[in-house]
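For the sequence shown, the working numbering begins at 11 and goes up steadily by one.
The structure under discussion appears below in the form of structure tokens.
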Amino acid sequence: MNDWAGRWERLRTLVDRVRPGANLGLRLGASDALLDQACARLSQELPREILDCYRVHDGQTCDADVGLLFGWRFLSLDAMCSCWDSWLGLEFEFPPDDFVSTGPVREQYACPGWIPISDDGSGNHVGLDLDPAAGGTPGQIIPFGRDFQTKAVLAATLSELFDRFVCDLESGAVRLDELGRFSPEPAPLRASGFLSGGLSRWRKIMREELRAAVREHRLREAEAVAAEAVGLAVRLFPAGHFNLENTLEMQRLIAMRHGRGEGAEPE
């Protein structure tokens, strides 16, 4: 018996209570042939529980209203392989000193053994770690991507993390709003520190201000916002990467820019 059928049904029921009729975009389950093709493209075998998960649903479509894996889109096998391929060759894009590990995860930007299974649309993933550091377990679940400097193990298996997420929804520790957003960030991502630093907040602030200026035809102001974003990035991150010191500096600049004083936290 495939326990993933029950897991997905349990999550769908919870989401349907808040967003009845929402397009969840869950695809039909993958055939054994598709699973074999994915393993061949990845040049490595996927754990049995992952194969069982994909036998129930082969990810979500791009137009889904709710990201069902911790607020992020559940990747199809094809999208998984495409994302994985885009990370190849970037393992040592930045030096190991730029990363901190709180568990048995390699301190590097990327790794061929990191297999994305969910995606936030901005280059961040929750995925499998098939090539852990010493003491780790192949198949452990980790976050990785452009905004993750801290390397951490979220759970030993996807089923453990999935069950924890569903329990948080059932208990009210995590809530789904009518727009399809989970609040606060699901525990796995809160624990990893994602979105707690200044970088993602800075991107969001700049993006929203730029869109508003363009929408309202304030083109000169839009140019100024874009120039400021580029200027700050070049000044703070000349090497094109981000460390803790730079993130704290960005938080300070955002606070000052919005008139909240030297030590204020960005909203």
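We put the beta carbon where it would ideally sit given N, CA and C, even for glycine.
Note that the coordinates shown come from a computational prediction; the quantities given were computed from them, not determined experimentally.
Residue i in three-state terms, based on DSSP
i	result
Asn-253	Note that Asn-253 scores a pLDDT of 41, beneath 50, so its modelled location is shaky; the value from the coordinates is reported in the next line. In the structure shown, Asn-253 sits in coil (DSSP, three-state: anything other than H, G, I, E or B).
Trp-46	The sequence shown places Asp at residue 46, rather than the Trp named in the question. Asp-46 falls in the helix class under three-state DSSP.
Arg-156	coil
Phe-172	helix
Val-136	strand
Asp-178	helix
Asp-130	coil
Ala-89	helix
Ala-165	strand
Ser-96	helix
Arg-22	helix
Gly-31	coil
Arg-17	helix
Alpha-carbon to alpha-carbon, residue j and residue i
i	j	result
Ser-41	Asp-68	9 Å
Glu-59	Glu-188	31 Å
Gln-159	Tyr-119	8 Å
Leu-56	Asp-95	16 Å
Leu-61	Glu-103	31 Å
Gly-133	Gly-39	25 Å
Cys-72	Asp-129	11 Å
Thr-147	Ala-183	28 Å
Leu-138	Arg-65	17 Å
Phe-172	Glu-19	12 Å
Ala-166	Asn-12	19 Å
Phe-154	Pro-126	8 Å
Phe-29	Ala-15	Residue 29 is actually Arg in this sequence, not Phe. The straight-line gap from Cα to Cα measures roughly 20 Å.
Arg-185	Arg-116	32 Å
Asp-141	Pro-105	19 Å
Val-76	Arg-37	14 Å
Glu-170	Leu-164	9 Å
Pro-248	Ala-48	Any answer about Pro-248 is weak, because its pLDDT of 39 lies below 50 and its placement is not dependable; what the coordinates show is given next. Near 38 Å, if we compare the C-alpha coordinates of Ala-48 and Pro-248.
Val-25	Gly-131	21 Å
Arg-10	Gly-145	The structure shown does not extend to residue 10, since the chain is modelled only from 11 to 277, so the question has no answer here.
Ser-92	Arg-51	9 Å
Cys-356	Leu-98	The structure shown has nothing for residue 356, since the chain only spans 11 to 277.
Arg-191	Glu-180	15 Å
Gln-150	Asn-33	30 Å
Gln-70	Glu-101	28 Å
Gly-123	Cys-63	19 Å
Arg-156	Arg-27	34 Å
Thr-23	Ser-193	18 Å
Leu-78	Gln-54	25 Å
Ala-74	Ala-143	35 Å
Leu-254	Phe-80	Residue placement at Leu-254 is poorly supported in this model, since its pLDDT is 41, which falls under 50; the coordinates are not used for a value here.
Lys-161	Gly-31	37 Å
Ile-152	Leu-168	10 Å
Phe-175	Val-136	13 Å
Which residues DSSP lists as bridging residue i, in chain order
i	result
Arg-185	Ser-193
Leu-36	Gln-70
Ser-298	Look at the range of the chain in this structure, 11 to 277, and you will see that residue 298 is not part of it.
Gln-150	Asp-139
Trp-124	Asp-139
heavy atom of the ligand COA below 7 Å from residue i C-beta
i	result
Ala-183	The ligand COA is not part of this structure, which contains no ligands at all.
4-residue-minimum alpha helix (DSSP H) runs that sit fully inside the stretch 46-84, ordered along the chain:
Counting only runs of 4 or more, we get 58-66.
So, does the stretch 71-87 touch the stretch 31-49, judging by three or more C-beta pairs under 8 Å?
Result yes; three or more Cβ-Cβ pairs closer than 8 Å.
Touching or not, the stretch 108-117 and the stretch 71-84, by the rule of three or more beta carbon pairs under 8 Å?
In short, these stretches do not touch, since the Cβ pair count stays below three.
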